[in-house]
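For reference, the structure is listed below as structure tokens.
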Amino acid sequence: MSDLPPLIRRCLDEAGDRMRSALVQSMDEAVEALQAAEAAERRILERDALHLAWSGLQRQRAAWNARFVSALAEAIEVAPAAEAQRLAPFTPSVLGVLDASPSGLGGLSLVDDEQMAQDLAFAHLVQQWRLQVEPVMADLDAWVNASLGLPEVVPERNLLRPETFARALMIVVTESGADAATRARWLRALAVSMGRSLRAVYEHLLTLLRAGVESPARYRLQPARGGRVAGSVAADSSRAAIDDPAPAVPGRAPEWAVEAGGFSPINPLDPELGLRLLEGFLDGSSPALAAPLDAAYLEALEQQAGAARSAAASTDDAPGGRAPVDARRLDARWGELAEPARRADWRLATQKRAQRVDQALGIEVVRRLVAQVADDPRLLEPVREAIVAIEPALLRLALVDPRFFGDETHPGRRLISRVAQRSFKFRDVHSPGFGGFLDGVRSTFQALHHRPEIEGSGPFRDALGRLENQWLREDAVEQAEREQALQRLQFAERRQDLANEIAYELSQRPDLTGVPAPVLDFLFGPWSLVMAHARLLDTAQQLDPSGFGLVVPDLVWSVKPELTLRQPTKLLDLVPPMLRRIHAGLDLIGMPPEERQSFLDVLLQLHEPVLRLRRERSALQSQAPQPPLPAHWTPVVPEERLPQSPQMPWLAPQDRVSLGLASAGGASPAEGVPPAQLEDSAAVPLESAASPLEGDAERLIAEVLNHLRVGDWADLQVRERWRRVQLSWATANQTLYLFHGQGGRAYTMTRRIVQRLLVRDHLRPVDATDVVARALSQLRRQLRA
């Protein structure tokens, strides 16, 4: 930076100071927004993630305030190389991110996914800021270039562009050490506020530059042919508010020209310009978007269409043939949309209707994206055909809204994304409900195709609304069953948490000394659950609803023979009502007789000395030696009587069955059965004594589990048949998972069970990331390559 003019250095210094202050202010606003989102969120995992995000952002306040200016200096140093070579916005060498070889289950690369997520986060941040600063960007480019002594604008020479500040922010965010999901939340929360601040900073810098430079640099807007430039124009915000794409040759700026009345015609299919224009258009920074199309464009279209027809004629275009999906003959039920030649004719007709460069580029992007999505191997074949069939309607939409694909909320893009996302519910074309789903999609897409005109996003919004309403009706019964299962599990979790607190309080009682271990286990386990259940159901906020707490001192006294033998009558009077209350409490939580019988047998044996005293005719006979208690019944010392929190909430047998937690033979989850023996409504238990995971397997499985989110899809093998299931719920500490399959079948699993299923390849997470975002990312990578 030492070789920069003094005015530019001053601008950089002031921009750094102002954006550092803006960052701190934006962090405060982001924390408030995340806290509000946490308060409104009902899902436990999402609420925990929001809490982690805002609390982590608060802790970063001082560090980011101190680091931002130096990070900006680093971003400025790498900016020229990144712009010239069109590298990814940040790389391991720039940000200090450690390289790692691809690893994961099923051939998936966690490292690649994280890198792609970072690239997308950077691209979204830059796009957001470009939209906010667009009105002043052209003037800033012109005045900065003039202050550098350049007569004509070379946009990449402007070190103050949004990419530089975004790169600086990515540096400080990456250095925080937070996980990728938390970093993404931070960036989304900071983007809008910092974009407003960046606009204000640019306006301040323009004041400085205009005071220090006589006139701005000039734009050249069309490549000159044969070294001759047709003309030039001074830059102002009304002419060229669009960024220039990266030059084909690093370090060399492209030359553009305008005629006196405006932009001169351009041919987007020109081999020298096409890819550069398309890349800039994807990034939201293509030159001369409003320029008219050159006559050569129509000639190139005819040549392109002729080549496409020849290629189609030479390939096997039968359904399921080897040609790409977008070039095949589709299922006959698509009608005229099934024929590749007809689709090519419609494409050509739409392309000929384009009058401006942005329309031609929008149509080209739609064509490429449809091809990308249609070749996505994650989609079932009929769904891929549906994506091809809607291309003609999307091409007409691109005429009136060329950049709709860049807006995640646009109905045209959302229609494609939602249809693809919905299709992940079905594992194959034979899955129940898939035929009805496809019929609804087909009729909706055909209706869009047959519309006489598409004048905006309205028809796509209506089409998506009809489909989603249809899906809601289809899911109503299944969703009700899911809600019931979720309510049962959430209640069990709340009850277990409260029971753990009650058990700890009970463990502090001084009269527990000398109490046998089985009685303590009962108090810390089932009876704490009974007391917790009564409190959760009590609307009057009583201290001891139903009086279940009164059982504790009576039960503790009744199992101490040194006290009961002195007062046998008291024990005989106390036991019957105490047992009635114990049974009432266990009935309340749904514990079956067979599960409580073992404790009642223990209690009877502990009371046996007094009962025998009653039976004996003389007290002398009762002094006969008593059989010793089993070793595991002996009273525990105070240090050993702390309750242990269970790994999962206790559930009544009927709940275990309905939630898919009980095995077919009635075995408890701890006993378990192999996955191959599971039934539809059975649990997914495994051997509790199985050896623990070791080494890389444990690390990889933990990584997969940590990335599981509510709503994620997976394939589960049940009795040698694969079923598509969706994660409906998980405990906050991720020790218990609730999956649902088609028809509302529930599968509840502990973390250990899920680990074993993953290791044995009986549970396979499904990659259901957005198909359009993935296709856009792939298209950008192809263009850069």
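Note that the working numbering has the sequence shown beginning at 249, numbered continuously upward.
We treat Cβ as the ideally placed atom computed from N, Cα and C, and that holds for glycine.
| Check | Outcome |
| --- | --- |
| Coil, strand or helix - alanine 1090 by DSSP | Here the chain has residues from 249 to 1033 only, and residue 1090 is not among them. |
| Continuous alpha helix (DSSP H) stretch holding serine 671: start and end | 659–671 |
| Start-end ranges of the alpha helix (DSSP H) lying completely within the region 386–443, minimum 4 residues | 410–422 |
| Spatial distance of aspartate 821 from leucine 798 (CA atoms) | 15 angstroms |
| Cβ shell of alanine 482 (< 6 angstroms), same chain only, five flanking positions each side left out | At alanine 482, the pLDDT of 32 sits below 50, so the modelled position is not reliable and the matter cannot be decided from this model. |
| Residues near serine 665 by beta carbon distance below 6 angstroms, same chain, minus five either side | Asp1018, Val1020 |
| Residues sharing a beta bridge with alanine 994, DSSP | His988 |
| Whether serine 705 touches leucine 645 by CB criterion (9 angstroms) | yes |
| Cutoff 6 angstroms; reference valine 631; Cβ partners in own chain excluding five residues on either side | Ser671 |
| Nearest candidate by alpha-carbon position, reference glutamine 974, set Arg967, Ala980, Ala962, Val966 | Ala962 |
| 7 angstroms CB neighbourhood of arginine 969 in its chain, flanking five on each side removed | none |
| Assigned exposure category for aspartate 251 - 16 Cβ within 10 Å defines buried | exposed |
| Proline 540 - partner residues in DSSP beta bridges | Arg604 |
| Beta carbon of phenylalanine 796 nearer than 9 angstroms to that of glycine 838 | no |
| Cross-strand partners of tryptophan 977 (DSSP beta bridge) | Leu986 |
| Cross-strand partners of isoleucine 514 (DSSP beta bridge) | Leu541 |
| Same chain only: Cβ atoms within 7 angstroms of serine 893, ignoring 5 sequence neighbours per side | Asn748 |
| The region 763–782 touching the region 847–854, judged by at least three CB pairs closer than 8 angstroms | yes |
| Contact check, alanine 371 vs arginine 431, beta carbons under 9 angstroms | no |
| Whole-number beta carbon distance between proline 513 and leucine 541, since they are thought to touch under 8 angstroms | 6 angstroms |
| Three-way DSSP call (helix, strand, coil) for glutamine 790 in this model | coil |
| Aspartate 347, DSSP secondary structure in three states | Only weak support is given to the placement of aspartate 347: the predicted model assigns it a pLDDT of 34, under 50, and the question is left unresolved by the model. |
| Residue environment, leucine 899, which counts as buried when at least 16 other CB atoms sit within 10 Å | buried |
| Cβ shell of glutamate 729 (< 6 angstroms), same chain only, five flanking positions each side left out | Gly992 |
| CB-CB length for arginine 591 against glutamate 639, believed under 8 angstroms | 7 angstroms |
| Cα-Cα separation between arginine 675 and methionine 418, rounded to whole angstroms | 38 angstroms |
| At least 3 beta-carbon pairs within less than 8 angstroms: the region 430–446 vs the region 291–301 | yes |
| Per-residue DSSP class, three states only, for leucine 1031 | helix |
| Proline 700, DSSP secondary structure in three states | coil |
| For arginine 714 and valine 420, the rounded distance between their alpha carbons | 44 angstroms |
| Segment contact, 8 angstroms Cβ cut-off, at least three pairs: the region 615–622 with the region 1004–1014 | no |
| Exposed unless 16 or more other CB atoms sit within 10 angstroms - verdict on glutamine 1003 | buried |
| Run of the alpha helix (DSSP H) containing aspartate 296, from where it starts to where it stops | 292–307 |
| DSSP-derived helix/strand/coil call for alanine 900 | coil |
| Local Cβ density within 10 Å of glycine 959, reported as buried at 16 or more and exposed below that | exposed |
| C-beta contact flag for leucine 696 and proline 707 at 9 angstroms | yes |
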